[in-house]
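To start, the structure under review is shown below, and the notes come after it.
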Amino acid sequence: MILFGTGGIRGVMKKGEFDEKAVIAASKGVSNYMKDYNLKSVVIAYDTRNNSRYFAELAAKTFASDNHNVFIFPEPVPTPVLSFAVRLLKVDIGIVITASHNPPEYNGYKVYTSNGVQAIPEITNILSKYVEKAWNLPVSLSDNFKTLDNDVLEKYIENVCTIINTDLTGLKIVYTPLHGTGAKPVTSVLEKLGAQVIKVEEQMTADGNFPTVKSPNPEDDDALELLKHYMKNQNVHLGIATDPDCDRVGVIWRNTRLTGNQVGVILTDMLLKKATPNSMVIKTIVTTDMVKPMCSINNVKLFETPTGFKFIGDLIEKSNNDFLFGFEESCGYLAGDHARDKDGVVGSALVAAAAKQFDLLEKLEELYEKYGYYMEKLLNFKFKDLKIAKELYEKIKKGFVPKDAKNVVDYSKGVEGILPNETLRIDFEEGRIFVRPSGTEPKLKAYVMVNSKNKNSALENLEKLENHFHSFIQRMI
Numbered sequence: 083m084i085l086f087g088t089g090g091i092r093g094v095m096k097k098g099e100f101d102e103k104a105v106i107a108a109s110k111g112v113s114n115y116m117k118d119y120n121l122k123s124v125v126i127a128y129d130t131r132n133n134s135r136y137f138a139e140l141a142a143k144t145f146a147s148d149n150h151n152v153f154i155f156p157e158p159v160p161t162p163v164l165s166f167a168v169r170l171l172k173v174d175i176g177i178v179i180t181a182s183h184n185p186p187e188y189n190g191y192k193v194y195t196s197n198g199v200q201a202i203p204e205i206t207n208i209l210s211k212y213v214e215k216a217w218n219l220p221v222s223l224s225d226n227f228k229t230l231d232n233d234v235l236e237k238y239i240e241n242v243c244t245i246i247n248t249d250l251t252g253l254k255i256v257y258t259p260l261h262g263t264g265a266k267p268v269t270s271v272l273e274k275l276g277a278q279v280i281k282v283e284e285q286m287t288a289d290g291n292f293p294t295v296k297s298p299n300p301e302d303d304d305a306l307e308l309l310k311h312y313m314k315n316q317n318v319h320l321g322i323a324t325d326p327d328c329d330r331v332g333v334i335w336r337n338t339r340l341t342g343n344q345v346g347v348i349l350t351d352m353l354l355k356k357a358t359p360n361s362m363v364i365k366t367i368v369t370t371d372m373v374k375p376m377c378s379i380n381n382v383k384l385f386e387t388p389t390g391f392k393f394i395g396d397l398i399e400k401s402n403n404d405f406l407f408g409f410e411e412s413c414g415y416l417a418g419d420h421a422r423d424k425d426g427v428v429g430s431a432l433v434a435a436a437a438k439q440f441d442l443l444e445k446l447e448e449l450y451e452k453y454g455y456y457m458e459k460l461l462n463f464k465f466k467d468l469k470i471a472k473e474l475y476e477k478i479k480k481g482f483v484p485k486d487a488k489n490v491v492d493y494s495k496g497v498e499g500i501l502p503n504e505t506l507r508i509d510f511e512e513g514r515i516f517v518r519p520s521g522t523e524p525k526l527k528a529y530v531m532v533n534s535k536n537k538n539s540a541l542e543n544l545e546k547l548e549n550h551f552h553s554f555i556q557r558m559i
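Numbering (this note's numbering), first residue to last: 83 to 559.
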């Protein structure tokens, strides 16, 4: 089990890993932290996974037994709705039970601070110690918690409609929540804005087994097969998928799946037209650099953060600039002031707003021609144990790199004002590769990035670096 990684606490639902004891201990630890820091209120949300409601109630009962003011959602809601609720209700802490886009056997526990931002390391480092101490403490449970009404979700939907503020009349969209929490809010927002939403009926039901997909991750082509089928049958150009906790968005346009980077570039271009002299865009370091010249030409400040949307949310809170847009390559997007985490409802509606204005692929090609062919590919090296991924990473960090590497940058030492984090950047003649151990799964991740004025040259360099790094990792193993 991962204790406060990139996406909070996460593990397989089995005895001794992510089970009742883990949820109670995590809640007791956070509760003791709250008592020591004079924090009194908590709101709890959960997704459609197996046991999520049960775990959320266990958490609520644990907090209630320590006399906190505890609120729980009446039904599964998107993770960004929890961030919104923390800010709306002005509570001290938010909890969401979710394992995001992980396979069905996983679940997890995320903590949010009073600003609606997922707890950053300076907080989770403290929380980890509280949770470890709470592991063997006696715990009582209490039913003295309140269930929220549907008003919070309705206010959230209204807020998102106001943020997007685009007439989508005449636009047809095929949509799937992949058995997750997006079913109601995404459909509601798109329809309120005037779009015609064709639902992938087999995937509209909440089901923690995610029976129609291998994995409920909208980044994976396999998860989008039914979506493509509906698009073809209905002759619809735009298909949108959100993951189980509705913080990521997968996009298909005219039978082409757009990457998180490509969608981010298209949305950045659209939103830059609304920029003020004080506007800022934020991305993670492993996200496409194509937005750098785009922001520069438009005199908009661009900030970079470590991987993890919590760092984007934290920077929004701490900056004096006006937040315009934030995104990460793993299909997470945010605009507006309503929440401080990536938002699949906002992302879906922004994509729809873009598709109403122009052909997404034609726009992307136009931007490539103007700014250069920035191309990226994520390589996932999966292992049985998280330790293997970390050992390989440490070996690279100590200088075991490909012979033709031009330069290595270690972000744990603090680079260009970016918070120190476990990421390495290896520079080559053809481009650069960012390497980091996954914070949620036993994987080593490598983000290959190239750019060229010529499309074929960019594709060749991308393939060359990908093959080169695959061979390098195989030799290390």
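Ideal Cβ positions, reconstructed from N, Cα and C, are used throughout, including at glycine. A quick note: this is a predicted structure, and the numbers were derived from the prediction, not measured.
- Straight across, the Cα-Cα distance linking D174 with V532 is about 43 Å.
- Secondary structure remark: continuous beta strand (DSSP E) runs of at least 3 residues inside the segment 483–558, in chain order: 489–492, 506–509, 514–519, 525–534.
- Exclusion of the five residues before and after G276 leaves D249, L250, T251 as the residues of its chain whose Cβ lies within less than 7 Å of its Cβ.
- DSSP, reduced to helix, strand and coil, places V159 outside both helices and strands of the structure shown, so it counts as coil.
- The Cβ atoms of Y456 and T370 lie closer than 8 Å to each other.
- With a 10 Å radius around the Cβ and a threshold of 16 neighbouring Cβ atoms, S378 comes out exposed.
- For N543, the number of other beta carbons within 10 angstroms of its own is at least 16, and it is reported as buried.
- Between D289 and the set K400, R135, N380, I500, the nearest pair of CA atoms involves R135.
- When rounded, the separation of the alpha-carbon atoms in V221 and S210 is 18 Å.
- Around the beta carbon of P502, a 10 Å sphere encloses fewer than 16 other beta carbons of the protein chains shown; the residue is thus reported as exposed.
- Straight-line spacing of the CA atoms in L253 and E273 works out to 10 Å.
- Contact check for Y191 and I177: beta-carbon distance about 7 Å, within the 8 Å limit, so the pair qualifies.
- Taken through DSSP and simplified to helix, strand or coil, V331 comes out as strand.
- Judged by beta-carbon spacing, K110 lies within the 8 Å limit of L219, meaning their Cβ atoms are closer than that value.
- Around the CB of W335, 16 or more other CB atoms lie within 10 Å, so the residue is classed as buried.
- For V373, the enclosing alpha helix (DSSP H) starts and ends at 373–379.
- Along the length of the segment 91–132, whole alpha helix (DSSP H) runs at least 4 residues long occupy 102–118, reported in chain order.
- Shown here, A323 sits in a strand according to DSSP, grouped into three states.
- Three or more beta-carbon pairs drawn from the segment 459–475 and the segment 519–529 are found closer than 8 Å, and the two stretches are therefore classed as touching.
- In this structure, the beta-carbon distance from E399 to N197 falls below 8 Å.
- In this structure, DSSP gives R135 a helical state, which the three-state scheme calls helix.
- Non-local beta-carbon contacts of V483 in its own chain, meaning distances under 7 Å to residues more than five positions away in sequence, involve V490, I508 in chain order.
- Membership of T338 in the beta strand (DSSP E) is indicated by the continuous run 338–340.
- For I367, the closest of K122, Y493, D129 by C-alpha to C-alpha distance is Y493.
- Straight through space, the alpha carbons of R557 and I470 are spaced by roughly 14 Å.
- Only residues of its own chain outside the window of five on either side were considered, and among them Y238, H420, A421 have a CB closer than 6 Å to the CB of F166, listed in chain order.
- Per DSSP, reduced to three states, the secondary structure at S361 is strand.
- Under DSSP, F153 shares a beta bridge with V125, K228.
- For a cut-off of 8 Å, the C-beta gap from V347 to M372 is around 5 Å, short enough to register as a contact.
- With a beta-carbon spacing of about 4 Å, S224 and S147 fall inside the 8 Å limit used to define contacts.
- Looking at the backbone, the Cα of M313 and that of T244 are separated by about 28 Å.
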